[in-house]
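Engineer: Sequences listed follow chains A and B, in order. Numbering follows the working numbering, with no gaps: position 114 of the first sequence is 122. Numbering follows the working numbering, with no gaps: position 401 of the second sequence is 409. Here a beta-carbon is modelled for each residue, glycine too, at the ideal position from N, C-alpha and C.
There are 2 protein chains.
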Amino acid sequence: MVKIDIEGSSSFVKAARYKDFEAKALDAFDTLVAGNGAGNDFLGWKHLPSQTPEDMILECESIRDEWNKKGINLVVVIGIGGSYLGARCAIEALSHNFAKQLSSAGKSAPEVVFAGNNLSEEYLAELMDLVVERNVACIVISKSGTTTEPAVAFRIVKKYIDEHYEDNSDRIVAITDARKGALKVLSAEQGYRTFVVPDDVGGRFSVLTPVGLLPIIVAGFDAREMLKGAAEMEKALSEKSSDNPAIRYAAMRNLLYSDCGKRVEVMVTYNPKLQYLGEWWKQLYGESEGKDGKGIFPASVTNTADLHSMGQYIQEGERILFETVINVRHSNRSVTIEKDEQNLDQLNYLAGKHVEHCGAMARLGTKLAHIDGGVPQMEVSIEKIDAFNLGGLFYFFEFACGISACTLGVNPFNQPGVEAYKKNMFALLGKPGYEELSATLKARLNG
Amino acid sequence: MVKIDIEGSSSFVKAARYKDFEAKALDAFDTLVAGNGAGNDFLGWKHLPSQTPEDMILECESIRDEWNKKGINLVVVIGIGGSYLGARCAIEALSHNFAKQLSSAGKSAPEVVFAGNNLSEEYLAELMDLVVERNVACIVISKSGTTTEPAVAFRIVKKYIDEHYEDNSDRIVAITDARKGALKVLSAEQGYRTFVVPDDVGGRFSVLTPVGLLPIIVAGFDAREMLKGAAEMEKALSEKSSDNPAIRYAAMRNLLYSDCGKRVEVMVTYNPKLQYLGEWWKQLYGESEGKDGKGIFPASVTNTADLHSMGQYIQEGERILFETVINVRHSNRSVTIEKDEQNLDQLNYLAGKHVEHCGAMARLGTKLAHIDGGVPQMEVSIEKIDAFNLGGLFYFFEFACGISACTLGVNPFNQPGVEAYKKNMFALLGKPGYEELSATLKARLNG
Numbered sequence: 009m010v011k012i013d014i015e016g017s018s019s020f021v022k023a024a025r026y027k028d029f030e031a032k033a034l035d036a037f038d039t040l041v042a043g044n045g046a047g048n049d050f051l052g053w054k055h056l057p058s059q060t061p062e063d064m065i066l067e068c069e070s071i072r073d074e075w076n077k078k079g080i081n082l083v084v085v086i087g088i089g090g091s092y093l094g095a096r097c098a099i100e101a102l103s104h105n106f107a108k109q110l111s112s113a114g115k116s117a118p119e120v121v122f123a124g125n126n127l128s129e130e131y132l133a134e135l136m137d138l139v140v141e142r143n144v145a146c147i148v149i150s151k152s153g154t155t156t157e158p159a160v161a162f163r164i165v166k167k168y169i170d171e172h173y174e175d176n177s178d179r180i181v182a183i184t185d186a187r188k189g190a191l192k193v194l195s196a197e198q199g200y201r202t203f204v205v206p207d208d209v210g211g212r213f214s215v216l217t218p219v220g221l222l223p224i225i226v227a228g229f230d231a232r233e234m235l236k237g238a239a240e241m242e243k244a245l246s247e248k249s250s251d252n253p254a255i256r257y258a259a260m261r262n263l264l265y266s267d268c269g270k271r272v273e274v275m276v277t278y279n280p281k282l283q284y285l286g287e288w289w290k291q292l293y294g295e296s297e298g299k300d301g302k303g304i305f306p307a308s309v310t311n312t313a314d315l316h317s318m319g320q321y322i323q324e325g326e327r328i329l330f331e332t333v334i335n336v337r338h339s340n341r342s343v344t345i346e347k348d349e350q351n352l353d354q355l356n357y358l359a360g361k362h363v364e365h366c367g368a369m370a371r372l373g374t375k376l377a378h379i380d381g382g383v384p385q386m387e388v389s390i391e392k393i394d395a396f397n398l399g400g401l402f403y404f405f406e407f408a409c410g411i412s413a414c415t416l417g418v419n420p421f422n423q424p425g426v427e428a429y430k431k432n433m434f435a436l437l438g439k440p441g442y443e444e445l446s447a448t449l450k451a452r453l454n455g
Numbered sequence: 009m010v011k012i013d014i015e016g017s018s019s020f021v022k023a024a025r026y027k028d029f030e031a032k033a034l035d036a037f038d039t040l041v042a043g044n045g046a047g048n049d050f051l052g053w054k055h056l057p058s059q060t061p062e063d064m065i066l067e068c069e070s071i072r073d074e075w076n077k078k079g080i081n082l083v084v085v086i087g088i089g090g091s092y093l094g095a096r097c098a099i100e101a102l103s104h105n106f107a108k109q110l111s112s113a114g115k116s117a118p119e120v121v122f123a124g125n126n127l128s129e130e131y132l133a134e135l136m137d138l139v140v141e142r143n144v145a146c147i148v149i150s151k152s153g154t155t156t157e158p159a160v161a162f163r164i165v166k167k168y169i170d171e172h173y174e175d176n177s178d179r180i181v182a183i184t185d186a187r188k189g190a191l192k193v194l195s196a197e198q199g200y201r202t203f204v205v206p207d208d209v210g211g212r213f214s215v216l217t218p219v220g221l222l223p224i225i226v227a228g229f230d231a232r233e234m235l236k237g238a239a240e241m242e243k244a245l246s247e248k249s250s251d252n253p254a255i256r257y258a259a260m261r262n263l264l265y266s267d268c269g270k271r272v273e274v275m276v277t278y279n280p281k282l283q284y285l286g287e288w289w290k291q292l293y294g295e296s297e298g299k300d301g302k303g304i305f306p307a308s309v310t311n312t313a314d315l316h317s318m319g320q321y322i323q324e325g326e327r328i329l330f331e332t333v334i335n336v337r338h339s340n341r342s343v344t345i346e347k348d349e350q351n352l353d354q355l356n357y358l359a360g361k362h363v364e365h366c367g368a369m370a371r372l373g374t375k376l377a378h379i380d381g382g383v384p385q386m387e388v389s390i391e392k393i394d395a396f397n398l399g400g401l402f403y404f405f406e407f408a409c410g411i412s413a414c415t416l417g418v419n420p421f422n423q424p425g426v427e428a429y430k431k432n433m434f435a436l437l438g439k440p441g442y443e444e445l446s447a448t449l450k451a452r453l454n455g
């Protein structure tokens with residue numbers, strides 16, 4: 009189960025002010041539960057863990073089984089933003105650190121690679137170098153089917169699949185709008201199987217919908233355990249209480265932002281597999297809170313590597329930071345440090361110890377050093393890295409985000425600023441309908 | 009050649025104040041060139057590009073050739089911080105996006121994997137899963153030979169190599185101190201080939217020493233071209249002038265920090281291969297400037313993926329940000345968007361266009377949107393991603409960092425804050441000599 013410890017921040021704040029922010033967070037909790045705040049059309053994620061239909065999971069599993077039977081060994085998952093980061097985060101967290109490089113002997117699931125999340129020509133060309141070597145299927149995720157990045161990638165991958173496989177329409181699954189849009193129309197025409205991106209779940213809250221679950225299941229991981237972990241968390245967070253971990257996290261981070269001049273929250277992990285948990289979390293919090301000129305800037309580091317990189321800044325730079333540390337209490341694997349007769353490296357004092365013990369002491373030592381340096385800490389801990397605990401983490405951060413953004417006083421569920429670059433890009437690319445803006449922008453660029 | 013454009017920031021600052029900061033940066037230039045500022049014992053990196061001895065490169069190349077002859081297909085590079093990020097950045101930038109997954113047919117160089125940069129038990133266990141499948145060599149990088157993370161990994165990898173190969177000492181190369189330290193002693197005893205970590209080059213400035221060059225060469229890339237690009241940049245930056253790109257970058261970023269309340273600099277790339285350029289740059293600037301309670305917090309994003317993640321915050325969140333965009337002017341590969349009769353995805357207006365053209369318009373559109381949103385921009389552009397241009401980028405950012413930190417008024421070349429966590433970690437791990445601190449810390453943790 010996910011636990012939270014905010015003691016590492018308490019010396020930085022006044023207890024009475026914490027009570028104030030706790031009260032605000034408790035109010036935000038009511039708003040979120042009642043669904044009567046800003047953005048209340050987008051609260052479908054709240055009950056996904058406990059209300060995910062068995063049918064949908066079964067259908068994902070049957071696609072997995074069918075593709076395994078066909079010997080498919082590469083699945084290209086096409087999507088951007090929330091249609092990318094959740095699945096990538098889960099698959100990286102649950103995969104072997106060297107999954108990509110290990111020999112294929114004994115691999116029971118296809119490899120998942122991601123596309124449609126950039127406009128790099130090299131990336132697409134090189135993706136196709138890999139595709140031609142493999143037995144390929146594709147999951148394309150787009151509510152409209154016209155978002156530029158995924159649409160460009162899908163044109164290319166679809167053409168390849170159409171030209172190379174007679175069972176082409178069995179090799180493409182679309183996750184899209186329930187009723188309308190380019191991808192929905194195409195899927196009906198081509199006979200693709202489809203899943204629905206629910207209308208009431210925003211991209212960054214969609215990891216527990218088919219958007220995240222189908223790629224995770226196809227990659228060979230246990231989505232049922234993930235939903236179980238999330239459902240336990242849904243239950244654990246359902247009580248209005250000052251002990252509710254989501255309340256505590258939301259209250260403390262808003263207090264640090266409001267009273268202590270903290271402008272940057274650094275998510276700290278000690279396990280390379282969790283690098284994309286940081287990326288997923290940055291989207292969740294940055295996009296939910298970064299609006300109206302407000303919001304904590306989310307950043308992430310992977311220690312201990314980054315103790316030898318960003319560590320200096322965190323210890324002694326501008327005092328605008330606080331840290332949220334992900335503590336994984338147990339390792340899934342075992343390596344102990346062996347005694348060495350010569351002991352030139354002076355490590356024999358650690359002989360017999362687990363490597364993870366050293367990691368834990370690095371984490372604790374860093375905690376104390378950073379607190380001494382003026383950096384408040386919170387700690388979110390899980391038992392180990394597995395589907396169950398990851399599901400709990402996903403739900404914890406989502407629920408806490410709803411409360412936190414509401415405490416801050418912004419709409420947690422919109423992202424009006426994302427349109428600005430798109431509009432300009434369409435105009436500069438000469439998309440029909442953008443002629444006027446195009447002329448204005450070109451004049452600015454040439455001026 | 010690397011170019012810089014600071015026009016995207018000019019509307020945010022007063023011209024007279026820019027002149028003030030330009031003057032400060034020109035003074036800092038003199039200090040850096042004369043070598044009479046703080047940290048002047050660590051200026052060896054300044055002339056590496058033009059003064060790298062041919063012998064050293066030849067020795068690296070002969071190791072590469074010898075290992076290729078042995079059929080070595082995995083090189084474990086053990087190092088942390090500056091002994092990790094430079095090589096990783098270069099190898100990721102220059103490798104195929106899917107190098108790890110492509111079939112081995114035709115691969116002319118061994119794969120490089122990194123270790124010793126974390127204390128994750130799973131990572132080490134899983135590294136050994138890969139090692140046992142391969143024909144392995146190791147490059148171990150540590151000035152002292154006793155830094156915990158690399159020492160723990162090296163004990164494990166060394167033991168494996170010793171037990172499995174008769175030519176074990178030919179398969180390990182050490183990059184370490186010229187005269188003293190555990191790794192130097194061990195290398196002499198075991199007959200390892202060694203390279204020197206120069207005394208006057210700090211870790212984060214060491215990518216053009218053997219620390220970076222040997223892994224890059226062994227991975228099959230052209231270090232001579234990289235040094236050539238760096239040497240051209242060394243020459244281009246040698247002139248004291250207000251047009252010097254390093255002066256302009258240093259002046260503008262310090263002005264944005266000093267006068268405009270900008271606290272976070274976001275390095276923006278549009279090519280997934282450059283993700284670790286961001287990591288390398290964050291260490292370089294964060295560790296050089298983040299001290300004495302000062303410094304710009306360095307962050308990085310990979311667009312267009314992150315336009316659908318951090319994009320919202322950058323567009324509309326706290327106005328404490330500015331961006332430095334890496335613009336790669338040409339792609340190494342070619343993919344055009346083809347016409348589709350149906351055009352359901354509405355992309356036909358792009359038919360015949362290169363994907364990179366869309367990327368460029370996304371970049372320009374984003375630039376204008378972010379400037380309109382209150383985010384100043386600078387742009388650093390290179391011709392394409394290759395060894396030559398990467399060498400230029402490395403040197404540009406190093407030289408500009410020396411000037412910028414000096415303009416800020418801190419010692420660019422020390423990192424006193426990195427010791428704080430180490431001391432605590434040693435105490436908590438029970439290292440001999442730390443008994444007193446250990447008791448204090450344990451009392452704090454239990455209190």
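What do you get for VAL140 (chain A), buried or exposed, if any count of 16 or more other CB atoms within 10 angstroms of its CB means buried?
Structural biologist: Residue numbering aside, residue 140 (chain A) sits at position 132 when the first sequence is read from its first letter. VAL140 (chain A) counts as exposed, since fewer than 16 other C-beta atoms from the protein chains shown sit within 10 angstroms of its C-beta.
Engineer: Using 10 angstroms around the beta-carbon of GLU197 (chain A), count the other beta-carbons present and answer buried if the total reaches 16, otherwise exposed.
Structural biologist: Taking the first sequence and counting its residues from 1, the one referred to as residue 197 (chain A) is at position 189. Counting Cβ neighbours within 10 Å, GLU197 (chain A) comes out exposed, since fewer than 16 surround it.
Engineer: Go ahead and label HIS378 (chain B) buried or exposed: buried means 16 or more other beta carbons lie within 10 angstroms of its beta carbon, across all protein chains shown.
Structural biologist: Residue 378 (chain B) sits at position 370 when you count from the first residue of the second sequence. By the 10 Å Cβ count, HIS378 (chain B) comes out buried.
Engineer: Whole-angstrom Cβ separation of TYR200 (chain B) and ALA182 (chain B), contact assumed at under 8 Å?
Structural biologist: Position 192 of the second sequence, counting from 1, holds the residue named residue 200 (chain B). Position 174 of the second sequence, counting from 1, holds the residue named residue 182 (chain B). Right, the Cβ-Cβ distance comes to about 5 Å (below 8 Å), so this counts as a contact.
Engineer: Determine whether the Cβ of LEU60 (chain A) lies closer than 7 Å to any Cβ atom of chain B.
Structural biologist: Taking the first residue of the first sequence as position 1, residue 60 (chain A) is located at position 52. As written in the sequence, residue 60 (chain A) is Thr, which differs from the Leu given in the question. No, its Cβ sits nowhere closer than 7 Å to a Cβ of chain B.
Engineer: List, from N- to C-terminal side, the alpha helix (DSSP H) runs of 4 residues or more that fit wholly inside the region 9–56 of chain A.
Structural biologist: Taken in chain order, the unbroken stretches of alpha helix (DSSP H) that lie wholly in the region 9–56 of chain A and span 4 residues or more are 15–18 and 23–42.
Engineer: Consider the Cβ of ALA231 (chain B): report whether some Cβ of chain A lies at a distance smaller than 7 Å.
Structural biologist: Translated into positions along the second sequence, residue 231 (chain B) becomes position 223. For ALA231 (chain B), the answer is no, since every Cβ of chain A falls outside 7 Å of its Cβ.
Engineer: Rounded to whole angstroms, what is the Cα-Cα separation between ALA36 (chain A) and LEU127 (chain A)?
Structural biologist: Position 28 of the first sequence, counting from 1, holds the residue named residue 36 (chain A). Position 119 of the first sequence, counting from 1, holds the residue named residue 127 (chain A). Rounded to the nearest angstrom, the two C-alpha atoms are 39 Å apart.
Engineer: Quick check: the Cα distance between GLY45 (chain B) and GLY410 (chain B), rounded to an integer number of angstroms?
Structural biologist: Locating residue 45 (chain B) in the second sequence gives position 37, where the first residue counts as 1. Locating residue 410 (chain B) in the second sequence gives position 402, where the first residue counts as 1. Cα to Cα, the separation comes out at about 10 Å.
Engineer: Any C-beta of chain B within less than 8 Å: which residues of the region 331–356 of chain A qualify?
Structural biologist: SER339, ASN340, ARG341, SER342, VAL343, ILE345, GLU346, ASP348, GLN350, LEU352, ASP353, GLN354 and LEU355
Engineer: In the structure shown, what three-state DSSP assignment does GLU287 (chain B) receive?
Structural biologist: Along the second sequence, read from residue 1 onward, the residue named residue 287 (chain B) stands at position 279. The answer is helix: DSSP assigns GLU287 (chain B) an H, G or I state.
Engineer: Count the other CB atoms, across all protein chains shown, that sit within 10 Å of the CB of THR448 (chain A); report buried if there are 16 or more and exposed otherwise.
Structural biologist: The residue labelled residue 448 (chain A) in the question sits at position 440 within the first sequence. By the neighbour-count rule (16 or more Cβ atoms within 10 Å), THR448 (chain A) is not buried but exposed.
Engineer: Since ARG371 (chain B) is in the alpha helix (DSSP H), which residue starts that stretch and which ends it?
Structural biologist: Your numbering for residue 371 (chain B) matches position 363 in the second sequence. Its alpha helix (DSSP H) spans residues 363–380.
Engineer: Inspect the CB distances between the region 63–83 of chain B and the region 145–161 of chain B and report whether three or more fall short of 8 Å.
Structural biologist: yes
Engineer: DSSP puts VAL204 (chain A) in a beta bridge; with which residues?
Structural biologist: Position 196 of the first sequence, counting from 1, holds the residue named residue 204 (chain A). Beta-bridge pairing links VAL204 (chain A) to A:THR184.
Engineer: Skipping 5 residues on each side, what residues in its chain have a beta carbon closer than 6 Å to that of SER339 (chain A)?
Structural biologist: Here residue 339 (chain A) corresponds to residue number 331 of the first sequence, with the count starting at 1. These residues qualify, in order along the chain: GLU364.
Engineer: Buried or exposed: where does GLN323 (chain B) fall if 16 or more other Cβ atoms within 10 Å of its Cβ makes it buried?
Structural biologist: The residue labelled residue 323 (chain B) in the question sits at position 315 within the second sequence. Buried, by the Cβ-count rule.
Engineer: In this structure, how does DSSP classify ASN125 (chain B) when only helix, strand and coil are distinguished?
Structural biologist: What you label residue 125 (chain B) is simply residue 117 of the second sequence in a count that begins at 1. DSSP places ASN125 (chain B) outside both helix and strand once states are collapsed to three, so it counts as coil.
Engineer: Considering only the alpha carbon of each residue, which of A:ASN252, A:ILE304 and A:ALA161 lies closest to LEU34 (chain A)?
Structural biologist: Within the first sequence, residue 34 (chain A) is the residue found at index 26, counting from 1. Among A:ASN252, A:ILE304 and A:ALA161, the Cα nearest to that of LEU34 (chain A) belongs to A:ASN252.
Engineer: With 7 Å set as the bound, which would you pick, yes or no: does the beta-carbon of LYS299 (chain B) sit closer than that to a beta-carbon of chain A?
Structural biologist: In the second sequence, the residue the question calls residue 299 (chain B) occupies position 291. Yes, its Cβ sits closer than 7 Å to a Cβ of chain A.
Engineer: What is the DSSP secondary structure of THR332 (chain A), counted as helix, strand or coil?
Structural biologist: Counting from 1 along the first sequence, the entry for residue 332 (chain A) is found at position 324. In the structure shown, THR332 (chain A) sits in a strand (DSSP, three-state: E or B).
Engineer: Quick one: which unbroken alpha helix (DSSP H) runs of 4-plus residues sit fully inside the region 146–185 of chain B? Chain order, please.
Structural biologist: 156–172
Engineer: Does the CB of GLN320 (chain A) have a neighbour CB from chain B at under 7 Å?
Structural biologist: Numbered from 1 along the first sequence, position 312 holds the residue referred to as residue 320 (chain A). So, interface residue.
Engineer: Measure from the C-beta of HIS104 (chain B) to each C-beta in chain A and report whether the shortest distance is under 7 Å.
Structural biologist: For the purposes of this step, residue 104 (chain B) is taken as the residue at position 96 of the second sequence. It does: the Cβ of HIS104 (chain B) has a partner Cβ on chain A nearer than 7 Å.
Engineer: Residues in the region 112–129 of chain A with C-beta within 8 Å of chain B's C-beta atoms, listed in sequence order?
Structural biologist: GLU119, VAL121, ASN125, ASN126, LEU127, SER128 and GLU129
Engineer: With H, G and I counted as helix, E and B as strand and the rest as coil, what does DSSP make of MET234 (chain A)?
Structural biologist: Numbered from its first residue, the first sequence carries residue 234 (chain A) at position 226. Helix, per DSSP.
Engineer: For ASP175 (chain B), count neighbouring Cβ atoms within 10 angstroms of its own Cβ and tell me buried if that reaches 16, exposed if not.
Structural biologist: Your numbering for residue 175 (chain B) matches position 167 in the second sequence. Classification of ASP175 (chain B): exposed, given that the 10 Å Cβ count is below 16.
Engineer: Distance check for GLY294 (chain B) and GLY210 (chain B), CA to CA, integer angstroms please.
Structural biologist: Within the second sequence, the letter at position 202 stands for residue 210 (chain B). Within the second sequence, the letter at position 286 stands for residue 294 (chain B). Distance between the alpha carbons of GLY210 (chain B) and GLY294 (chain B): 14 Å.
Engineer: Which residues in chain B have a C-beta closer than 8 Å to the C-beta of GLY367 (chain A)? List them in chain order.
Structural biologist: Taking the first residue of the first sequence as position 1, residue 367 (chain A) is located at position 359. Within 8 Å Cβ-Cβ: ASN126, LEU127, SER128 and GLU129.
Engineer: Fully enclosed by the region 55–89 of chain B, which alpha helix (DSSP H) runs are 4 residues long or longer?
Structural biologist: 56–59 and 62–77
Engineer: Where do the ends of the alpha helix (DSSP H) carrying MET275 (chain A) lie?
Structural biologist: On the first sequence, position 267 is the one that residue 275 (chain A) refers to. Element bounds for MET275 (chain A): not the alpha helix (DSSP H) but the beta strand (DSSP E), 272–277.
Engineer: Please go through the same chain and pick out, in chain order, the residues whose beta-carbon is closer than 6 Å to the beta-carbon of ARG212 (chain A), but skip the five residues on each side of it.
Structural biologist: Taking the first residue of the first sequence as 1, we reach residue 212 (chain A) at position 204. Taken in chain order, the residues that qualify are GLY90, GLN291, LEU292 and GLU295.
Engineer: List the whole-angstrom C-beta distance separating GLN320 (chain A) from GLY298 (chain B), where the pair is believed to meet the contact cut-off of C-beta under 8 Å.
Structural biologist: Your numbering for residue 320 (chain A) matches position 312 in the first sequence. Your numbering for residue 298 (chain B) matches position 290 in the second sequence. The beta carbons of GLN320 (chain A) and GLY298 (chain B) sit about 5 Å from each other, so the pair counts as a contact at 8 Å.
Engineer: CB-CB under 7 Å to GLU69 (chain A), same chain, minus the five flanking residues each way: which ones, in chain order?
Structural biologist: Reading the first sequence from its first residue, position 61 is the one you call residue 69 (chain A). Excluding sequence neighbours, GLU69 (chain A) sits near ILE225.
Engineer: How is TYR209 (chain B) classed by DSSP in three states: helix, strand or coil?
Structural biologist: Residue 209 (chain B) sits at position 201 when you count from the first residue of the second sequence. One point to set straight first is that residue 209 (chain B) is Val, not Tyr, in the sequence displayed. In this structure, VAL209 (chain B) counts as coil in the three-state DSSP scheme.
Engineer: Give me the Cα-Cα distance between ALA258 (chain B) and ASP208 (chain B), rounded to the nearest whole angstrom.
Structural biologist: Sequence index remark: in the second sequence, residue 258 (chain B) carries index 250 (1-based). Sequence index remark: in the second sequence, residue 208 (chain B) carries index 200 (1-based). Between ALA258 (chain B) and ASP208 (chain B), the C-alpha separation is close to 23 Å.
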